[in-house]
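Residue numbers (the working numbering): 228 to 749. In this text, a Cβ means the ideal position worked out from N, Cα and C, and glycines have one as well. Quick caveat, the model's predicted, so the values are computed rather than measured.
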């Protein structure tokens with residue numbers, strides 16, 4: 228039975244069959260939607276496919292939503308944002324009569340729960356997200372007994388409709404023009420009848436997020452606790468749509484003229500919500516289109532051309548953390564200039580802690596580290612600078628991926644890879660005759676950028692703590708743990724004083740550059 232062919236067209240065009248199972252297990256008693264990157268109850272194609280097929284099979288539906296400790300760059304920042312989003316989606320699904328079971332992997336709460344559920348599932352639906360680790364998890368799931376469907380819930384023009392990896396935005400724009408026009412103003416159809424919720428036993432105790440102590444839960448997880456949550460960017464559909472509505476009313480009309488200045492509130496700052504699927508890009512695109520005007524036109528170009536170009540590229544070029552993802556001309560020119568002298572070779576810690584000595588670059592890195600985001604126009608300059616501070620392009624790419632994904636709330640997204648690879652020549656053209664280090668890759672120095680930006684004002688905003696008002700931190704104990712704690716707090720923009728647990732005198736003093744010098748106070 229080919230259930231995909233029975234789906235309505237607007238859903239069928241988004242489905243990719245992942246497994247090789249011939250048919251659903253005969254004794255199956257539910258349909259499972261494994262929610263990962265579309266954490267929303269509205270205009271969610273994956274959820275709608277799961278609902279439609281559960282109705283067709285006359286089976287109840289369970290939305291299984293989990294947060295692993297094992298995803299790349301797992302840390303307090305990402306965990307908190309996801310948990311806040313899960314709280315919203317649990318509430319919204321409950322209002323629709325859909326059962327949402329959330330599992331947080333942590334001490335005493337680990338186990339192969341999804342694989343246990345799959346043994347009882349008629350089929351499993353999840354999102355189609357062209358990122359290596361998620362695709363690996365999807366393929367592993369497809370080794371089980373149930374059919375597995377991956378549904379594109381992130382793009383207006385389904386990735387299935389894009390037959391190749393385009394390397395220039397104008398080519399992608401032209402190739403997808405008809406498909407985009409056909410969908411842009413179209414309302415998303417709602418499922419008329421929802422399936423019954425699954426009421427059976429589960430192999431775990433679902434976490435009730437409504438009144439949960441999220442910081443305590445995050446602290447119990449085996450993840451990186453040195454990357455803090457962003458208090459001013461709360462996860463979830465509610466916060467995401469509030470941000471979108473405010474921008475649509477007050478910022479969208481001026482987007483085309485203000486978007487390039489990071490000191491202006493000229494951009495939507497929706498990328499983290501789009502990355503985790505907490506807001507629907509279908510709804511965002513439709514409402515921007517309805518608004519109209521030059522601002523909306525430029526916003527839609529970023530949302531539907533550049534962003535979806537990157538999604539389609541990652542679908543067709545799965546090795547997007549390798550230089551092999553670059554166009555041949557870019558790879559050749561970068562390799563040709565690997566032997567060029569560099570002004571400096573900076574180690575990973577110097578870069579991570581924003582201590583390059585370049586005021587603009589350090590401000591950009593501080594924005595990532597402290598605030599979890601980086602203005603796109605600055606990101607391009609930030610990325611290209613690493614070619615001058617690393618021995619070769621492969622090292623530069625590796626460090627760009629690490630710095631972006633570790634700190635950015637929108638990290639590990641196809642659009643992130645698109646932006647990073649652009650810094651090395653992807654989606655661009657050669658610029659002969661070329662220059663040292665970058666060769667024919669487009670140059671974009673921090674010095675050039677600084678001429679059109681008030682770097683002092685930008686640095687002040689980036690280095691400011693995410694908490695406002697910012698507390699002063701007192702760390703008692705100048706041992707290794709205390710010093711690491713103090714440095715982590717300082718790296719997040721807080722003023723920190725360390726006291727020795729012994730004699731009680733101050734164990735730190737501030738140096739001229741704002742760094743710490745430690746005196747154990749003995």
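Reference residue 258; option with closest CA among 266, 382 and 422 = Taking the chain shown and counting its residues from 1, one reaches residue 258 at position 31. Checked all of 266, 382 and 422; the closest Cα to residue 258 is 422.
In chain order, what residues of the same chain lie with their CB nearer than 6 angstroms to the CB of residue 623, ignoring the 5 residues before and after it?
-> On the chain shown, position 396 is the one that residue 623 refers to. Cβ neighbours of residue 623 beyond the five flanking positions: 613, 614 and 617.
Should residue 334 be labelled buried (16 or more other beta-carbon atoms within 10 Å of its own) or exposed?
-> Position 107 of the chain shown, counted from the start, is the residue given in the question as residue 334. With fewer than 16 other CB atoms across the displayed protein chains lying within 10 angstroms of its CB, residue 334 is exposed.
Rounded C-alpha distance that separates residue 697 from residue 440 = Counted from its first residue, the chain shown places residue 697 at position 470. Counted from its first residue, the chain shown places residue 440 at position 213. Between residue 697 and residue 440, the C-alpha separation is close to 22 angstroms.
Name, in chain order, the residues that DSSP records as bridge partners for residue 261.
-> Start at 1 with the first residue of the chain shown, and residue 261 comes out as number 34. According to DSSP, residue 261 bridges with 291 and 353.
Please name the residue or residues paired with residue 375 in a DSSP beta bridge.
-> Position 148 of the chain shown, counting from 1, holds the residue named residue 375. Partner(s): 351.
For residue 338, is the classification buried or exposed, using 16 other Cβ atoms within 10 angstroms of its Cβ as the cut-off for buried?
-> Against the chain shown, residue 338 aligns to sequence position 111. Residue burial annotation: residue 338 is exposed, with fewer than 16 other C-beta atoms found within 10 angstroms of its C-beta.
Can you check DSSP and say which residues form a bridge with residue 242?
-> The residue given as residue 242 occupies position 15 in the chain shown. BP columns for residue 242 point to 378.
Thinking C-alpha only, which one of 567, 590, 569 and 568 is nearest residue 578?
-> Indexing the chain shown from 1 puts residue 578 at position 351. Comparing Cα positions, the closest option is 590.
Contact set for residue 231: own chain, Cβ-Cβ below 8 angstroms, skip 5 residues either direction = Stepping through the chain shown from its first residue, residue 231 is reached at position 4. Only 239, 242, 244 and 376 meet the Cβ criterion.
First and last residue of the alpha helix (DSSP H) that includes residue 470?
-> The count along the chain shown starts at 1 and reaches residue 470 at position 243. Here the alpha helix (DSSP H) through residue 470 covers 464-477.
Across which residues does DSSP place residue 451 in a beta bridge pair?
-> The residue labelled residue 451 in the question sits at position 224 within the chain shown. In the DSSP assignment, residue 451 is bridged to 302.
If we ignore side chains and look at the alpha-carbon of each, how far apart do residue 235 and residue 281 end up?
-> By 1-based counting over the chain shown, the position of residue 235 is 8. By 1-based counting over the chain shown, the position of residue 281 is 54. Looking at the backbone, the Cα of residue 235 and that of residue 281 are separated by about 14 angstroms.
Indicate the three-state DSSP secondary structure (helix, strand or coil) for residue 663 in the structure shown.
-> Along the chain shown, read from residue 1 onward, the residue named residue 663 stands at position 436. It is coil, neither helix nor strand.
In the DSSP assignment, what are the bridge partners of residue 328?
-> Taking the first residue of the chain shown as position 1, residue 328 is located at position 101. According to the DSSP secondary-structure assignment, residue 328 is paired through a beta bridge with 291.
Kindly indicate which three-state DSSP category residue 641 falls into: helix, strand or coil?
-> The residue you call residue 641 lines up with position 414 of the chain shown. The answer is helix: DSSP assigns residue 641 an H, G or I state.
Cross-strand partners of residue 424 (DSSP beta bridge) = The residue given as residue 424 occupies position 197 in the chain shown. Beta-bridge partners of residue 424 (DSSP): 288.
Given a cut-off of 8 angstroms, decide if residue 294 and residue 310 are closer than it, judged by their beta-carbon atoms.
-> As a working note, residue 310 is residue 83 in the chain shown. As a working note, residue 294 is residue 67 in the chain shown. Against a cut-off of 8 angstroms, the Cβ pair of residue 294 and residue 310 comes out as a contact.
Given a threshold of 16 other Cβ atoms within 10 Å of its Cβ, counted over all protein chains shown, does residue 749 qualify as buried or as exposed?
-> Here the question's residue 749 lines up with position 522 in the chain shown. Confidence at residue 749 is low in this model, with a pLDDT of 40, below 50, so the placement of that residue is unreliable and no value is reported for it.
From this set, 702, 727, 637 and 451, which residue's C-alpha is nearest residue 296's C-alpha?
-> Counting from one through the chain shown, the residue named residue 296 turns up at place 69. With distances taken between Cα atoms, residue 296 lies closest to 451.
What separation, rounded to the nearest whole angstrom, lies between the Cα atoms of residue 588 and residue 703?
-> As a working mapping, residue 588 is identified with position 361 in the chain shown. As a working mapping, residue 703 is identified with position 476 in the chain shown. If I take the Cα positions, the gap works out to 33 angstroms.
Considering only C-alpha positions, which residue in the set 576, 383 and 552 is nearest to residue 403?
-> Locating residue 403 in the chain shown gives position 176, where the first residue counts as 1. The shortest CA-to-CA distance from residue 403 to any of 576, 383 and 552 is the one to 383.
Under 6 angstroms Cβ to Cβ from residue 449, same chain only, skipping five residues before and after it: list those, please.
-> For this step, residue 449 is matched to residue 222 along the chain shown. Here the set comprises 296.
Kindly list the residues whose CB is nearer than 6 angstroms to the CB of residue 486, restricted to its own chain and excluding five residues on each side of it in sequence; keep chain order.
-> If you number the chain shown from 1, residue 486 lands on position 259. If we look at residue 486 and ignore the five residues flanking it on each side, its Cβ neighbours are 493 and 494.
Within its chain, find whatever has a CB closer than 6 angstroms to the CB of residue 658; leave out the 5 residues flanking it on each side and keep chain order.
-> Stepping through the chain shown from its first residue, residue 658 is reached at position 431. Within the same chain, residue 658 has close Cβ partners 667 and 669.
Please classify residue 504: is it buried, with 16 or more other beta-carbons within 10 angstroms of its beta-carbon, or exposed?
-> The residue you call residue 504 lines up with position 277 of the chain shown. Its Cβ being crowded by 16 or more others within 10 Å, residue 504 is buried.
First and last residue of the alpha helix (DSSP H) that includes residue 346?
-> Within the chain shown, residue 346 is the residue found at index 119, counting from 1. Premise fails: residue 346 is in no alpha helix (DSSP H) and is neither H nor E.
Comparing alpha-carbon positions, which option in 708, 711 and 699 lies nearest residue 724?
-> In the chain shown, residue 724 corresponds to position 497, counting from 1. Closest by C-alpha distance to residue 724, out of 708, 711 and 699, is 699.
Do you know offhand how far residue 619's Cα is from residue 629's?
-> Here the question's residue 619 lines up with position 392 in the chain shown. Here the question's residue 629 lines up with position 402 in the chain shown. Our two residues, residue 619 and residue 629, have alpha carbons roughly 16 angstroms apart in a direct line.
Three-state class that DSSP yields for residue 484 in the structure shown = As a position in the chain shown, residue 484 is number 257, starting the count at 1. Three-state DSSP puts residue 484 in a helix.
Same chain, Cβ closer than 6 angstroms to residue 433, neighbours up to 5 away in sequence not counted = Indexing the chain shown from 1 puts residue 433 at position 206. The answer, listed in chain order, is 328 and 329.
Confirm, please, whether the CB-CB distance from residue 642 to residue 600 is below 8 angstroms.
-> Within the chain shown, residue 600 is the residue found at index 373, counting from 1. Within the chain shown, residue 642 is the residue found at index 415, counting from 1. Not a contact, by the Cβ cut-off of 8 angstroms.
Does DSSP put residue 335 in a helix, in a strand, or in coil?
-> The sequence position of residue 335 within the chain shown is 108, counting from 1. Coil, per DSSP.
Using the Cα positions of residue 607 and residue 349, report the straight-line distance between them to the nearest angstrom.
-> One-based indexing of the chain shown puts residue 607 at position 380. One-based indexing of the chain shown puts residue 349 at position 122. For the pair residue 607 and residue 349, the Cα-to-Cα distance works out to about 46 angstroms.
Just confirm the distance between the C-beta atoms of residue 511 and residue 304, as a whole number of angstroms; I'd bet it's less than 8 angstroms.
-> As a working mapping, residue 511 is identified with position 284 in the chain shown. As a working mapping, residue 304 is identified with position 77 in the chain shown. A Cβ-Cβ separation of about 23 angstroms leaves residue 511 out of contact with residue 304 under the 8 angstroms criterion.
Under the three-state reduction of DSSP, which class applies to residue 275: helix, strand or coil?
-> Within the chain shown, the letter at position 48 stands for residue 275. Residue 275: helix per DSSP, three-state reduction.
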